[in-house]
Structure formats: C-alpha cells, structure tokens
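In my numbering, the protein residues as written are 88 to 343.
Beta carbons: idealized from backbone N, C-alpha and C, even for Gly.
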C-alpha cells in the first residue's frame with residue numbers, strides 16, 4: 088500500500104509546489120515508485136515536470152467530474168519512477184460543478200484506492216486555500232506535510248490548517264495524521280531564519296524535519312526548465328537538501 092502524503096499550507100508562496108516536485112523526484116531517485124497528484128488549478132507541479140498543462144486530453148478535472156478514471160488520467164514516467172495525475176486551469180470550476188454532489192469529499196480517495204498498491208509514495212500538492220480540492224486531498228491522505236517559510240509570519244495560518252486537519256480527521260478521515268513540518272527558504276546568514284525555526288519548534292507539538300530547504304537560485308530556476316532540481320543541477324544546495332529530506336521521509340515512514 089502506497090503512503091499518501093498531502094503537502095498543504097493555505098498560505099501561498101511557502102514552497103508547497105517546489106517541495107511536491109522535488110521530494111517526489113528525490114524519492115524516485117532513491118528507487119521508490121511515486122505518483123504525484125496535482126490538485127492546484129494553477130498546475131505548477133504539472134508544468135514543473137515539463138508537461139504542457141494546456142495540451143492535455145484528460146486531467147484530474149475529468150476525474151473529479153466522474154468523466155474519466157484515474158488510470159485514464161495518469162501520465163506515466165514523466166521522470167524515472169514518477170507518474171503524475173496532472174492539473175490545469177479547468178480544475179478551478181470543480182468547486183461550482185460539484186455543488187450538490189453526494190459524498191464529493193471522497194471522489195479523489197475512491198479513485199486513488201484503485202492504484203495505491205502500485206506506488207511506494209503518493210504525493211499530493213494542495214492548492215493554497217481550504218476548499219473542496221484540499222478537503223479531497225486530506226480525505227485521501229495518510230499524513231500532512233506542512234512546508235513553512237522562514238519568515239516573520241510563518242506561524243500565521245498554521246493553527247487554522249491544524250484545526251482543519253483535526254476536523255477532517257474527526258469527520259471524514261480518522262486515519263489522518265500530521266507528517267510534520269519542513270522549513271523552506273532557510274537562510275543561515277540571517278537571525279530571522281534561526282528565530283523562526285526556534286519559535287516554531289517551541290510553539291508546535293509536531294514533528295519538525297531536520298532538513299531545511301535553503302534559499303537557492305538553482306531551485307528557483309528549475310521549474311522554468313520543467314525539471315526537478317536533481318536533474319537540473321544535481322550538485323546544488325537545493326538538490327542535496329531535497330535528497331536529505333527524502334531520506335528522512337523514508338526513514339520516518341519505516342518507523343511508523
């Protein structure tokens with residue numbers, strides 16, 4: 088059974104998509120079979136793997152509306168060991184189109200159940216808001232990984248996300264747990280980054296991953312070339328950090 092990890096934080100610009108792309112690719116580089124699910128209508132995870140999101144016959148949108156099965160929508164081997172369930176702007180309409188649909192919170196889960204056994208990890212990139220797509224992701228997931236940017240407002244919105252995770256756990260998915268927190272855009276030269284890390288560790292009763300993802304120009308450039316960082320620049324600090332994070336995730340999930 089594949090482990091399903093939702094990467095979520097309703098705050099935008101914290102490194103959700105960067106983490107979805109590069110954690111998935113790093114897990115795959117370590118021999119794990121990975122499915123990436125893009126539930127964000129912006130489709131940045133899709134394009135980050137070099138896929139033209141505007142030239143797709145079937146996407147997660149068709150799956151959500153019941154017009155295609157998950158097998159029809161998955162793109163195989165976008166990089167070695169990585170399959171993707173892609174997204175594009177059409178997905179933005181699902182909120183309205185699913186009004187009145189019975190058990191709409193379980194649409195994604197019911198489809199993912201068909202393919203779970205084929206993967207070691209399933210990584211879901213969530214949109215930066217708490218809508219029905221995020222709820223579908225949390226209902227499907229085993230755990231939630233929260234990227235937090237090392238900045239002054241890091242904790243803002245986090246309590247809301249944890250509250251939402253607890254509500255989903257209580258009402259829709261009793262098995263849901265917090266995977267933990269990963270710090271992104273870390274700059275060891277600034278006191279602020281170090282203060283944010285200490286602040287979160289002291290206020291948060293959650294697993295905090297030791298690996299911190301640094302601010303890294305190569306990491307920022309990679310998506311515009313449609314490549315995960317370990318392909319674009321395998322020797323960069325960003326590539327090394329995501330490889331370490333992948334090791335931690337694998338180790339953490341062996342212990343569970």
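Item                                                                                                                                                                                   : Value
Measure from the alpha carbon of residue 337 to the alpha carbon of each residue in 312, 101 and 207, then state which is nearest.                                                     : 207
Which runs of the alpha helix (DSSP H) spanning at least 4 residues fall entirely within the segment 256 to 300, listed in chain order?                                                : 278 to 290
Bridge partners of residue 93, per DSSP?                                                                                                                                               : 211 and 231
Along the chain, where does the alpha helix (DSSP H) containing residue 199 start, and where does it finish?                                                                           : 194 to 199
To which residues of the same chain is residue 135 closer than 6 angstroms at the C-beta, ignoring the five residues directly before and after it?                                     : 108 and 310
DSSP on residue 164, reduced to helix/strand/coil?                                                                                                                                     : strand
When the Cα atoms are used, what is the spatial distance from residue 197 to residue 276?                                                                                              : 46 angstroms
For residue 172, list the residues DSSP reports as bridge partners.                                                                                                                    : 124
Measuring only the C-alpha atoms, how far is residue 298 from residue 335?                                                                                                             : 8 angstroms
Counting Cβ pairs, one atom from each stretch, are 3 or more of them under 8 angstroms apart for the segment 146 to 155 and the segment 168 to 188?                                    : yes
Is DSSP giving residue 236 helix, strand or coil here?                                                                                                                                 : strand
Quick one: grab the DSSP three-state call for residue 146.                                                                                                                             : coil
Can you round the beta-carbon distance between residue 233 and residue 340 to whole angstroms, since I take them to be within the 8 angstroms contact cut?                             : Not really, about 16 angstroms apart at Cβ, beyond 8 angstroms.
Do residue 217 and residue 271 count as a contact pair if the criterion is CB distance below 8 angstroms?                                                                              : no
How close, in whole Å, do the beta carbons of residue 123 and residue 199 come, if the pair is a contact with beta carbons under 8 angstroms?                                          : That pair is no contact at about 12 angstroms.
If residue 316 and residue 306 are in contact, beta carbons under 8 angstroms, what's the gap, nearest whole angstrom?                                                                 : 5 angstroms
Around the Cβ of residue 261, are there at least 16 other Cβ atoms within 10 angstroms (buried) or fewer (exposed)?                                                                    : exposed
Can you list, in chain order, the residues of its chain with a C-beta nearer than 8 angstroms to that of residue 182? Leave out the 5 residues immediately preceding and following it. : 218, 219 and 220
Less than 8 angstroms between the C-beta atoms of residue 212 and residue 119, yes or no?                                                                                              : no
In the DSSP assignment, the alpha helix (DSSP H) including residue 115 goes from what residue to what residue?                                                                         : 103 to 116
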